[in-house]
Each structure stands twice: as structure tokens, then as C-alpha cells.
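*Asks:* Next up is a structure, given as C-alpha cells.
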Amino acid sequence: MRKIPTAILMSGSGSNARKIIEYGSKLLDIRLILSDNPTSNYRSIARDYSIDQALNNIYRFYGVEPGKVSAAGRKRFRGKRKRLTFDALTDKILKGYNIELIAAAGYNWLLSPLLCNNYIIVNVHPGDLRVRNEAGKRIYTGLGWIPTAKALLNEERYVHTTTHLVTAELDGGAIARVSAPVDVGFLENFDRQKLLPSGVTLKELIHDVNNNGGKEYGSTLLYSRSKELQEKLKVVGDWREFPITMHQVADYMLQGRLRQDESGLIMVDDREAFDLFVTGEV
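In the numbering used here, the protein residues as written are 1 to 282.
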């Protein structure tokens with residue numbers, strides 16, 4: 001029986017990568033664990049499961065040290081042209097393994113159209129991507145703890161994890177699965193002042209955390225509660241929904257139901273994939 005040649009991209013501890021591997025889908029041929037970060041656990045995970053590993057060191061590429069990226073250094077990562085050059089190196093590695101499906105398992109960087117248009121990529125996102133504003137735009141986007149912080153500020157009672165197919169748009173692409181709800185655990189009488197000091201915005205908190213290590217606002221309840229809920233979402237969301245999604249997406253690919261057209265557009269049953277909920281028992 002044919003299996004789908006699969007790679008896992010990771011940047012950190014690799015807990016999602018381990019869960020995908022340990023799920024043991026018979027539809028996935030996991031050929032490679034690829035990291036951008038030399039300090040991540042990619043080598044040990046690859047060794048533990050006898051899978052090939054590779055490093056495309058984004059920090060060396062941009063001339064900065066892991067864990068020591070200043071505000072000025074962070075700006076280096078934003079140029080689209082240079083990112084395309086970096087992703088071309090990733091693409092070369094992936095092609096060497098004939099990869100068709102990718103799990104972005106805690107991978108910390110936006111992926112350029114070069115990768116999004118040539119591979120089926122699945123991501124797990126710590127927010128409910130079903131929720132949209134009046135203009136139809138997804139509300140709970142962003143990296144790490146940020147989607148949860150947005151949900152708390154909007155007085156949501158529950159938060160969710162979403163798995164989705166990746167496009168070049170941040171947190172875009174068709175939804176695959178949504179996790180069980182996690183109760184935010186707040187008191188009935190919501191008080192925004194307890195989350196953030198008066199006059200402080202979420203944007204200011206994000207800037208402080210990213211550029212100053214949270215020295216000014218890192219002790220706020222919004223940040224600490226968001227981080228706490230993010231860890232809870234890993235258990236009921238990432239570690240459960242991501243492996244199942246990878247299995248089901250591979251099944252759709254093997255059936256010929258999920259593919260990319262010549263432009264890289266993801267198609268399901270010969271129609272553009274849009275908020276597709278992959279369902280069914282596994």
C-alpha cells in the first residue's frame with residue numbers, strides 16, 4: 001500500500017512532532033525531520049525514531065544568534081525576497097526526499113509561496129479560526145499565546161485549537177479540525193483592568209515580550225493566563241487533533257480527493273478547499 005512521503009518541520013521542543021510519530025499512522029511515510037533551529041530537539045527526536053534529520057539554520061542565514069534576536073535583528077527576518085532564498089534551501093532538502101506532505105509542527109516562521117504552492121502543509125494553530133469579524137476576516141490569528149490573549153480580551157468563555165491547511169496568508173487555508181473547548185476559567189464578572197493595566201494595549205504587550213523579554217508587562221494577568229491556556233490547548237488540541245489531521249489528510253490525498261492544482265491552489269473534490277472540516281472516526 002502506498003504511503004504519503006512526509007516531512008516534519010520543527011523549531012523547538014518537538015512535542016508535536018513526537019505525537020505525530022507516536023500516533024503511528026499507516027498512511028504516512030515520515031522520511032525527514034527538518035529544523036531551522038540548531039538548539040531544537042530535532043536530532044534527538046530523529047534518533048529516537050530512526051528518521052533522517054536535517055538543519056537549515058535560519059539564524060546563521062540571517063547572521064543572528066538563537067535566543068539573542070534583538071528588535072533590530074528581528075527586522076532582518078521580514079524581507080520577502082531573502083525569505084524566499086531561505087525557503088529555496090528548505091525546498092531543495094525536501095525534494096531530496098520526494099516529500100509530498102508536511103507537518104508544520106511548532107515551526108516558528110511564515111512559509112513563502114514557494115513552499116505553500118508546492119507541498120500540502122498542515123499546521124496546528126492555538127486559536128479558533130472559525131471566528132470571523134463582520135468583514136469575514138479571521139480574528140484569532142497570530143503566533144503562540146497571542147490568539148488566546150485576543151480571545152480573553154473579547155471575553156470568550158472557551159478557547160480552541162485549530163488544524164488547517166497552510167497557504168501563504170498567515171493562518172489562512174482551509175480548516176481541518178477544531179479541538180474540544182478549554183474553559184478560560186475566569187470569574188463571572190469580567191474585568192479588563194485585571195488583564196492589562198489601564199492604557200496598555202495588546203500590541204504594546206506583544207512588543208514588550210518579543211523585544212524586551214516582557215520586562216515591563218510580562219507579569220500581567222493577560223500574558224500569564226494566555227501562556228497557561230496555551231499549554232492546556234496543547235494537550236486537548238495539538239497532541240490529539242494534529243496527528244489525526246495528518247492521518248486524514250493523507251487519506252484524502254491517497255484517495256485523490258485532496259491535491260494542488262498547477263497554481264498551487266489546494267483543491268478538495270475538485271473544488272477550492274474552504275473551511276473544510278475533515279470528519280469521521282479513525
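We put the CB at the ideal spot given by N, CA and C, even for glycine. Here the structure is a predicted model, which is why all the values come from computation and not from measurement.
1. Within 10 Å of its beta-carbon, does Val278 have 16 or more other beta-carbons around it, so buried, or fewer, so exposed?
2. Name, in chain order, the residues that DSSP records as bridge partners for Leu153.
3. Could you please give me the residues that DSSP links to Asn164 through a beta bridge?
4. Going by DSSP in three states, Val209 sits in which element: helix, strand or coil?
5. Measuring straight from C-alpha to C-alpha, what distance separates Ile244 and Leu165?
6. Between Asp269 and Arg257, is the Cβ-Cβ spacing less than 8 angstroms?
7. In three-state terms, what does DSSP make of Gly139?
8. Nearest-angstrom Cα distance between Arg81 and Asp29?
9. For Ala54, report the span of its beta strand (DSSP E) as first-last.
10. Take Asp91 as the anchor and find which of His125, Phe77, Ala54 has the nearest alpha-carbon.
11. Do Leu254 and Ile102 count as a contact pair if the criterion is CB distance below 8 angstroms?
12. By Cβ distance, which residues of its chain are closer than 7 angstroms to Asn98, with the 5 residues on each side in sequence left out?
13. Of the choices Ile20, Ala7, Leu27, whose alpha-carbon is the least far from that of Met1?
14. How is the beta strand (DSSP E) around Pro347 delimited, first residue to last?
15. Can you tell which of Lys215, Gln248, Lys227, Pro126 has its C-alpha closest to the C-alpha of His160?
*Replies:* This is what the structure gives:
1. Translated into the one-based positions of the sequence shown, residue 278 becomes position 278. In this predicted model, Val278 has a pLDDT of only 48, less than 50, meaning its place in the structure is not dependable enough to derive any value.
2. Within the sequence shown, residue 153 is the residue found at index 153, counting from 1. Partner(s): none; Leu153 has no beta bridge.
3. Locating residue 164 in the sequence shown gives position 164, where the first residue counts as 1. Inspection of the sequence shows that residue 164 is occupied by His rather than by Asn. Note: His164 sits in a beta bridge opposite Asn123, Ile175.
4. If you number the sequence shown from 1, residue 209 lands on position 209. Val209 falls in the helix class under three-state DSSP.
5. Taking the first residue of the sequence shown as 1, we reach residue 244 at position 244. Taking the first residue of the sequence shown as 1, we reach residue 165 at position 165. Cα-Cα distance, rounded: 14 angstroms.
6. In the sequence shown, counting from the first residue as 1, residue 269 sits at position 269. In the sequence shown, counting from the first residue as 1, residue 257 sits at position 257. Yes, the Cβ-Cβ distance between Asp269 and Arg257 is below 8 angstroms.
7. Your numbering for residue 139 matches position 139 in the sequence shown. Residue identity check: residue 139 is Ile in the sequence provided, not Gly. If DSSP states are grouped into helix, strand and coil, Ile139 belongs with coil.
8. As a working mapping, residue 81 is identified with position 81 in the sequence shown. As a working mapping, residue 29 is identified with position 29 in the sequence shown. Answer to the nearest angstrom: the Cα atoms are 32 angstroms apart.
9. For this step, residue 54 is matched to residue 54 along the sequence shown. Going by DSSP, Ala54 is part of the beta strand (DSSP E) stretching over 52–55.
10. What you label residue 91 is simply residue 91 of the sequence shown in a count that begins at 1. Of His125, Phe77, Ala54, the residue nearest in Cα terms is Ala54.
11. Walking along the sequence shown from the start, residue 102 turns up at place 102. Walking along the sequence shown from the start, residue 254 turns up at place 254. Contact flag unset, no.
12. As a first step, residue 98 must be located in the sequence shown, where it is residue number 98. Closer than 7 angstroms at Cβ, skipping near neighbours: Pro5.
13. Translated into positions along the sequence shown, residue 1 becomes position 1. Leu27 is the residue among Ile20, Ala7, Leu27 whose C-alpha sits nearest the C-alpha of Met1.
14. Past the boundaries of the shown model lies residue 347; the chain is included only from 1 to 282, so the question cannot be answered.
15. Walking along the sequence shown from the start, residue 160 turns up at place 160. When each option's Cα is compared against that of His160, the closest is Pro126.
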